[in-house]
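K.L.:
In the order they appear, the protein sequences are chains A and B.
The first sequence begins at 6 in the numbering used here and counts up one residue at a time.
The second sequence begins at 14 in the numbering used here and counts up one residue at a time.
All C-beta atoms in this analysis are idealised placements derived from N, C-alpha and C, irrespective of residue type, glycine included.
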Amino acid sequence: MSTITTALLDLKYLEILAAGDTTIHRLNPLAKVLVTLLFILCVISCNRYELTALLPFFLFPIAMIARANLPPLFILKKIILFLPFILLVGIFNPVFDRIPLVQFGSLTVSGGWISFLSIIIRSILTVGGAFVLIGTTGFTPTCQALRRMGMPQVFTTQLLFLYRYIFVLAEEAGRTSLARELRSCGTKGQGIESYRSLIGALLLRTWGRAERIHDAMLARGFNGEFHRVQSNGFGRMEIIYCFGWSALFIFFRLTNIPLVLGNFITGFFA
Amino acid sequence: MSHHIVAVKNLRHTYPDGTVAIQDISFTITHGESVGIIGANGAGKSTLLHHLNGTLTPTGGSITIGNFPVTKETLPSIRRTVGMVFQNPDDQLFMPTVYDDVAFGPLNLGLRGEALEQCVSNALAAVGAETLRHKPPYNLSGGEKKRVAIATALAMSPDILVMDEPTSGLDPYARRQAMHLLAAFSHTRIFTSHDLDMVLELCPRVIVLHEGVVVADGAAIELFNDTELLEHCRLEQPLSMRGCSYCRKLAHIR
Ligand SMILES: Nc1ncnc2c1ncn2[C@@H]1O[C@H](COP(=O)(O)OP(=O)(O)O)[C@@H](O)[C@H]1O
Ligand SMILES: [Mg+2]
Chain A
6 MSTITTALLD LKYLEILAAG DTTIHRLNPL AKVLVTLLFI LCVISCNRYE LTALLPFFLF
66 PIAMIARANL PPLFILKKII LFLPFILLVG IFNPVFDRIP LVQFGSLTVS GGWISFLSII
126 IRSILTVGGA FVLIGTTGFT PTCQALRRMG MPQVFTTQLL FLYRYIFVLA EEAGRTSLAR
186 ELRSCGTKGQ GIESYRSLIG ALLLRTWGRA ERIHDAMLAR GFNGEFHRVQ SNGFGRMEII
246 YCFGWSALFI FFRLTNIPLV LGNFITGFFA
Chain B
14 MSHHIVAVKN LRHTYPDGTV AIQDISFTIT HGESVGIIGA NGAGKSTLLH HLNGTLTPTG
74 GSITIGNFPV TKETLPSIRR TVGMVFQNPD DQLFMPTVYD DVAFGPLNLG LRGEALEQCV
134 SNALAAVGAE TLRHKPPYNL SGGEKKRVAI ATALAMSPDI LVMDEPTSGL DPYARRQAMH
194 LLAAFSHTRI FTSHDLDMVL ELCPRVIVLH EGVVVADGAA IELFNDTELL EHCRLEQPLS
254 MRGCSYCRKL AHIR
């Protein structure tokens, strides 16, 4: 109960954050989606053994969190939630890739470990970037922006429904499991047996609920297309935002700033 | 005027699990009428209402709204004409904020900018929910949800308003407000309710359902005096028609 409800509250909290009113929030969603996509593209296209060149990219999520008044700890916790999946993706790299790459004194670090670290950093960056996008834009406007960029309507509508039904499912689950808990009076209820029927009932109810919500949408003229409420135009702010960040990302991508800086400093003192 | 007639002819509905929710229902409601549909739990009221805007498809019989039969082809225009408030507001509210939810219908109808703004504000004002406009619907109380759900239907400016238990779960003040709202609406109104005092006040005409058939259809004041009929359908006379039992008792003591 508590875990489901907390996870749900967190999602809702992200939506509440998205309703904020800062310069970043007010930007046209399209601009934010474009910049985030380019950000993700630049990050994931980095060389698999790249570590230092990735570091400057942290500027983007950090700047966004600061400018949009997002709670940094909350975003951090959300990212940590994803870490197990990320670890799962990268965990075999050190096993298979044993080519020595870096030498720290007597310690040899293989390519596998470097690429493993690199995957973690890149994942933190991309997941963080995505959360910042949703937290400053909201899920629905993000989907609508994707739609305007040419993503087929089938996909955007599916995404929106999926997002909607996560809430529906979680709410039903929360209520059902609370009802079970209350009636089992602190005992284990009827153990696994009661969970089996609970999950069955839950799926059927969620299905029914999803259907009724869909009916309500149809009743109000829904024809597959989600419309935008306000269209704050693509003005000067948006152009500056897009070009500013894009230029920076491409610069970060093409030059390894920490390396250049390091060389410069060592050169200076040499 | 005849353009907002609702005609139900030999309607029958069997749910996929075999439950016959509506056996055989026929009636005609003319333009501007206010009709209450009453009956016990499970009498088939919600099932009937869901047919009026094509949410459910009849197993048998037909429905005509205005001059159009309810079919797949006419659905878009039918849904513009018939505004529907579902029994459970949780099914009706699905957008991130109250504002977005009320704007959903008008946006689908092509409203934008100032006109949209006006439309949403009017609908919210009509149900006294202006202060809720930026709240997420899932954080509202039951009665507030109900009011917003009514606003979402009003925002579409329907010609026929269909509501499933519009005042259930409302506090007395909100109930009054909703009743004023319904009284002020000049188009056709059809609603179900267990709030028989409200039905008596708002609906000159009442249709009584019992186990999927119409057992009575006539003037509210007459039907509510037929105690045998009411008992048979698991209903009771509205409180306002019964005289006050407390006052009578008091008079007796004195
Ligand atoms: N989705 C469904 N599947 C099967 N039976 C249903 C379904 N919905 C309602 N029923 C049954 O149909 C009958 C009428 O239900 P309903 O129209 O909701 O009654 P009410 O008058 O209380 O609104 C009830 O016996 C109910 O059990
Ligand atoms: Mg009902």
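Taking all protein chains shown into account, decide if Pro179 (chain B) is buried (16 or more other Cβ within 10 angstroms of its Cβ) or exposed.
P.N.:
Mapped onto the second sequence, residue 179 (chain B) falls at position 166. That one is buried.
K.L.:
Is it buried or exposed, Met154 (chain A), if we count other Cβ atoms within 10 angstroms and call 16 or more buried?
P.N.:
Indexing the first sequence from 1 puts residue 154 (chain A) at position 149. Flag for Met154 (chain A) reads exposed.
K.L.:
Give the residues of chain C in contact with Gly31 (chain B), contact being defined as C-beta atoms less than 7 Å apart.
P.N.:
The structure shown contains no chain C; its protein chains are A and B.
K.L.:
Which runs of the alpha helix (DSSP H) spanning at least 4 residues fall entirely within the region 47-124 of chain A, listed in chain order?
P.N.:
Runs of the alpha helix (DSSP H) inside the region 47-124 of chain A: 64-72, 77-95, 98-101.
K.L.:
Give a yes or no on whether the minimum CB-CB distance between His30 (chain A) and chain B is below 8 Å.
P.N.:
Position 25 of the first sequence holds residue 30 (chain A). With 8 Å as the cut-off, His30 (chain A) does not count as an interface residue toward chain B.
K.L.:
Let me see if you follow: with CB-CB separation under 8 Å, is Ile171 (chain A) close to chain B or not?
P.N.:
Start at 1 with the first residue of the first sequence, and residue 171 (chain A) comes out as number 166. Not one chain B Cβ lies under 8 Å of Ile171 (chain A).
K.L.:
Give me the residue from A:Ile91, A:Val265, A:Thr271, A:Arg258 with the minimum Cα distance to Phe63 (chain A).
P.N.:
Within the first sequence, residue 63 (chain A) is the residue found at index 58, counting from 1. The option with the nearest alpha carbon to Phe63 (chain A) is A:Arg258.
K.L.:
Give a yes or no on whether 8 Å exceeds the smallest Cβ distance from Thr165 (chain B) to chain A.
P.N.:
Within the second sequence, the letter at position 152 stands for residue 165 (chain B). So, interface residue.
K.L.:
Helix, strand or coil, according to DSSP, for Arg160 (chain B) in the structure here?
P.N.:
Taking the second sequence and counting its residues from 1, the one referred to as residue 160 (chain B) is at position 147. Here Arg160 (chain B) sits in helix by DSSP.
K.L.:
Quick check: the Cα distance between Gly74 (chain B) and Leu24 (chain B), rounded to an integer number of angstroms?
P.N.:
Along the second sequence, one-based indexing puts residue 74 (chain B) at 61. Along the second sequence, one-based indexing puts residue 24 (chain B) at 11. Those two C-alpha atoms are separated by around 4 Å.
K.L.:
Using only the alpha-carbon positions, how far apart do Phe97 (chain A) and Gly116 (chain A) sit?
P.N.:
Indexing the first sequence from 1 puts residue 97 (chain A) at position 92. Indexing the first sequence from 1 puts residue 116 (chain A) at position 111. Each residue's Cα considered, the two are about 12 Å apart.
K.L.:
Leaving out five residues before and five after Asn4 (chain B) in sequence, what residues of the same chain have Cβ atoms less than 7 Å from its Cβ?
P.N.:
The structure shown does not extend to residue 4 (chain B), since chain B is modelled only from 14 to 267, so the question has no answer here.
K.L.:
When DSSP labels each residue in this structure, what does Val19 (chain B) get in the three-state scheme?
P.N.:
Working through the second sequence from its first residue, we reach residue 19 (chain B) at position 6. Strand.
K.L.:
Helix, strand or coil: which one does DSSP assign to Ala53 (chain B)?
P.N.:
Stepping through the second sequence from its first residue, residue 53 (chain B) is reached at position 40. Coil at Ala53 (chain B), not helix or strand.
K.L.:
Could you tell me the distance, in whole angstroms, from the CA atom of Val21 (chain B) to the CA atom of Phe81 (chain B)?
P.N.:
Here residue 21 (chain B) refers to the residue found at position 8 of the second sequence. Here residue 81 (chain B) refers to the residue found at position 68 of the second sequence. Rounded to whole angstroms, Val21 (chain B) to Phe81 (chain B) spans 12 Å at the Cα level.
K.L.:
Measuring only the C-alpha atoms, how far is Met6 (chain A) from Phe172 (chain A)?
P.N.:
Within the first sequence, the letter at position 1 stands for residue 6 (chain A). Within the first sequence, the letter at position 167 stands for residue 172 (chain A). Summary for Met6 (chain A): the model assigns pLDDT 43, below 50, so the residue's position carries little reliability; its value from the coordinates is reported in the next sentence. Roughly 14 Å separates the two Cα atoms.
K.L.:
Based on the DSSP output, what are the partners of Ala229 (chain B) in its beta bridges?
P.N.:
Counting from 1 along the second sequence, the entry for residue 229 (chain B) is found at position 216. Looking at the DSSP assignment, Ala229 (chain B) forms a beta bridge with B:Val221.
K.L.:
Give me, in chain order, the residues of the same chain whose beta-carbon lies closer than 6 Å to that of Thr161 (chain A); leave out the 5 immediate sequence neighbours on both sides.
P.N.:
Counting from one through the first sequence, the residue named residue 161 (chain A) turns up at place 156. If we look at Thr161 (chain A) and ignore the five residues flanking it on each side, its Cβ neighbours are Cys148, Leu151, Arg152.
K.L.:
Between the Cα of Leu32 (chain A) and the Cα atoms of A:Arg72, A:Arg53, A:Phe90, A:Ile85, which residue gives the shortest distance?
P.N.:
As a working note, residue 32 (chain A) is residue 27 in the first sequence. Closest by alpha carbon: A:Arg72.
K.L.:
Provide the residue(s) that pair with Phe40 (chain B) in DSSP beta bridges, ordered along the chain.
P.N.:
Taking the first residue of the second sequence as position 1, residue 40 (chain B) is located at position 27. According to DSSP, which records beta bridges pairwise, Phe40 (chain B) is partnered with B:Val21.
K.L.:
From the beta carbon of Leu88 (chain A), is the nearest beta carbon of chain B less than 8 Å away?
P.N.:
As a position in the first sequence, residue 88 (chain A) is number 83, starting the count at 1. With 8 Å as the cut-off, Leu88 (chain A) does not count as an interface residue toward chain B.
K.L.:
Can you list, in chain order, the residues of its chain with a C-beta nearer than 6 Å to that of Lys83 (chain A)? Leave out the 5 residues immediately preceding and following it.
P.N.:
As a working note, residue 83 (chain A) is residue 78 in the first sequence. Excluding sequence neighbours, Lys83 (chain A) sits near Phe136.
K.L.:
With 8 Å as the threshold, decide whether the Cβ of Asn238 (chain B) is near any Cβ in chain A.
P.N.:
Reading the second sequence from its first residue, position 225 is the one you call residue 238 (chain B). Not closer than 8 Å to any Cβ of chain A, the Cβ of Asn238 (chain B) fails to qualify, so no.
K.L.:
In its own chain, which residues sit with a C-beta less than 6 Å from the C-beta of Met14 (chain B), not counting the 5 before and 5 after it?
P.N.:
Here residue 14 (chain B) refers to the residue found at position 1 of the second sequence. Because the pLDDT of Met14 (chain B) is 44, which lies under 50, any placement of that residue in the model is unreliable, and the number read from its coordinates should be weighed accordingly. Answer for Met14 (chain B): His44, listed in chain order.
K.L.:
Alpha carbon to alpha carbon, how far is Phe231 (chain A) from Ile18 (chain B)?
P.N.:
Working through the first sequence from its first residue, we reach residue 231 (chain A) at position 226. Working through the second sequence from its first residue, we reach residue 18 (chain B) at position 5. Going by the C-alpha atoms only, they are around 32 Å apart.
K.L.:
Going along chain A in order, which residues have a C-beta closer than 9 Å to the C-beta of Gly118 (chain B)?
P.N.:
Residue mapping note: residue 118 (chain B) aligns to position 105 of the second sequence, counting from 1. Correct list: Ala224, Arg225, Gly226, Phe227.
K.L.:
Of all the options A:Glu55, A:Met222, A:Pro77, which has the alpha carbon lying nearest to the alpha carbon of Phe121 (chain A)?
P.N.:
As a first step, residue 121 (chain A) is located in the first sequence; it is residue number 116 there, counting from the start. Considering only alpha carbons, the answer is A:Glu55.
K.L.:
Does the region 100-113 of chain A touch the region 127-143 of chain A, meaning 3 or more C-beta pairs lie closer than 8 Å?
P.N.:
Result no; under three Cβ-Cβ pairs closer than 8 Å.
K.L.:
Does any CB atom of chain A fall closer than 8 Å to the CB of Met176 (chain B)?
P.N.:
Position 163 of the second sequence, counted from the first residue, corresponds to residue 176 (chain B). No, Met176 (chain B) does not count as interfacial toward chain A.
K.L.:
Within the same chain, show all residues whose beta-carbon is closer than 6 Å to that of Ser253 (chain B), passing over the 5 residues directly before and after it, in chain order.
P.N.:
The sequence position of residue 253 (chain B) within the second sequence is 240, counting from 1. Once the five neighbours on either side are set aside, the close Cβ partners of Ser253 (chain B) are Asp210.
K.L.:
Under the three-state reduction of DSSP, which class applies to Met176 (chain B): helix, strand or coil?
P.N.:
Looking up residue 176 (chain B) in the second sequence gives position 163. Strand at Met176 (chain B).
K.L.:
Applying the 10 Å Cβ sphere with the 16-neighbour rule, what's the burial state of Phe99 (chain B)?
P.N.:
Along the second sequence, read from residue 1 onward, the residue named residue 99 (chain B) stands at position 86. By the 10 Å Cβ count, Phe99 (chain B) comes out buried.
K.L.:
Assuming Asp104 (chain B) and Arg214 (chain A) make a contact with CB atoms under 8 Å, what is their CB distance in whole Å?
P.N.:
Walking along the second sequence from the start, residue 104 (chain B) turns up at place 91. Walking along the first sequence from the start, residue 214 (chain A) turns up at place 209. The Cβ separation is near 7 Å, so the contact holds.
K.L.:
From the DSSP output, in three-state form, read off His265 (chain B) for me.
P.N.:
Here residue 265 (chain B) is taken as the residue at index 252 of the second sequence, counted from 1. Here His265 (chain B) sits in helix by DSSP.
K.L.:
Could you list which residues in chain A have their beta carbon closer than 9 Å to that of Met192 (chain B), in chain order?
P.N.:
For the purposes of this step, residue 192 (chain B) is taken as residue 179 along the second sequence, with counting starting at 1. Correct list: empty, because the minimum Cβ distance to chain A is about 23 Å.
K.L.:
Determine the chain B residues that contact Gly133 (chain A) at a beta-carbon separation under 8 Å, and present them in chain order.
P.N.:
By one-based count along the first sequence, residue 133 (chain A) stands at place 128. Within chain B, no residue comes near Gly133 (chain A); the closest Cβ sits about 22 Å away, beyond 8 Å.
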